[in-house]
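Using the working numbering, the first residue of the sequence shown is number 106, and each one after it goes up by one.
Where is the CB? At the ideal position from N, CA and C, for every residue including glycine.
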Amino acid sequence: FNTFGRRRSQWWNLRAYLGKQVTLSIRIEPVNTKVAVSRLQAFAAILRPRSIIDRTKTDATAWRYTTGQPPGNWYAAGFDDSTWKQGRALFATKDVPGMQTLWDTDDIWIRRTFEMRAGKAEGMHFLVMNDDNATVYINGRLATKFFAARHTYYTLPMEKRAAALLKPGRNVIAIHCKNTGGPGHIDVSMFDVVDR
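Structure representation (structure tokens):
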């Protein structure tokens, strides 16, 4: 999760913020303090007395994106996105705090690969900040849609049909977000929550 810190990358153990049940240390990349707090508050709202298990090892710089209309199969797992630009989330208009990659058009398409550790995808959640509507695909299949505008990070349980699209090993997440007016932004992550 690429948030918090200004001078250099940091490691922050969430136990100090959320309580003894939290065991994950999350890598924090240099971004914006307000965005970091927003993400932590989103976690805090659902976690006690549960644990985060990060099974989606991702690279904060690994998003591929385009603001021009891509081919119809742009969300397919095997789609060649090597000609797309690279950037890190938060993708946003210039007036949005925490913007890491400028998005100043009506539409943006973003993709990245990640490695999923073995284990059932139960208790998976999305961590989202979207403005406006976003459509999410996992491994070439429709996973979910996020509507309207949310200006802080929030968590949403992953439906079983979406979790079933995940598999151990290499996965692809692809997202289309449309800004219908005013500021725009998009960032989507995934994490596991397990009852003790």
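* Asked: Leaving out the 5 sequence neighbours to the left and right, which residues in its chain are closer than 6 angstroms to Asp-292 when beta-carbon positions are compared?
  -> So the list reads Ala-194, Leu-195 and Met-234, once near-sequence residues are dropped.
* Asked: By DSSP, does Ala-167 sit in helix, in strand, or in coil?
  -> coil
* Asked: Lys-250 to Lys-190, Cα distance in whole Å?
  -> 24 angstroms
* Contiguous beta strand (DSSP E) assignments of at least 3 residues, all confined to the region 253-282 -> Qualifying beta strand (DSSP E) stretches, in chain order: 259-262.
* Leu-195 bridges to which residues according to DSSP? -> Note: Leu-195 sits in no beta bridge, so no partner.
* **Given Met-295 as reference, the closest of Asn-238, Gly-173 and Leu-271 once Cα atoms are compared** => Leu-271
* In terms of residues, what are the limits of the beta strand (DSSP E) holding Trp-208? -> No beta strand (DSSP E) holds Trp-208; DSSP gives it neither H nor E.
* Return the chain-ordered list of same chain residues with a C-beta closer than 6 angstroms to the C-beta of His-281, the five sequence neighbours on each side being excluded. => Trp-214 and Thr-240
* Can you tell me which of the three DSSP states Ser-294 falls into? => Here DSSP, grouped into helix, strand and coil, assigns Ser-294 to strand.
* Report back the beta-carbon spacing between Ala-218 and Arg-266 to the nearest angstrom; my notes put them in contact at under 8 angstroms. => Per the sequence shown, residue 218 should be read as Thr rather than Ala. In fact, because the Cβ distance is near 21 angstroms, the residues do not count as touching under 8 angstroms.
* Asked: Taking the alpha-carbon positions, what's the His-230 to Tyr-242 distance?
  -> Between His-230 and Tyr-242, the C-alpha separation is close to 15 angstroms.
* To do: Out of Asp-236, Pro-175 and Ala-279, point me to the one whose CA is closest to Tyr-259's CA.
  => Looking at the Cα atoms, Asp-236 is the closest of the given residues.
* Short check: CB of Gly-192 to CB of Thr-206, under 8 angstroms? -> yes
* **Own chain, CB closer than 6 angstroms to Phe-252, minus 5 neighbours either side, in chain order** => Asn-238
* One or two residues paired with Ala-239 in a DSSP bridge -> Phe-251 and Cys-282
* Cβ-Cβ distance between Pro-288 and Asp-200 below 8 angstroms -> yes
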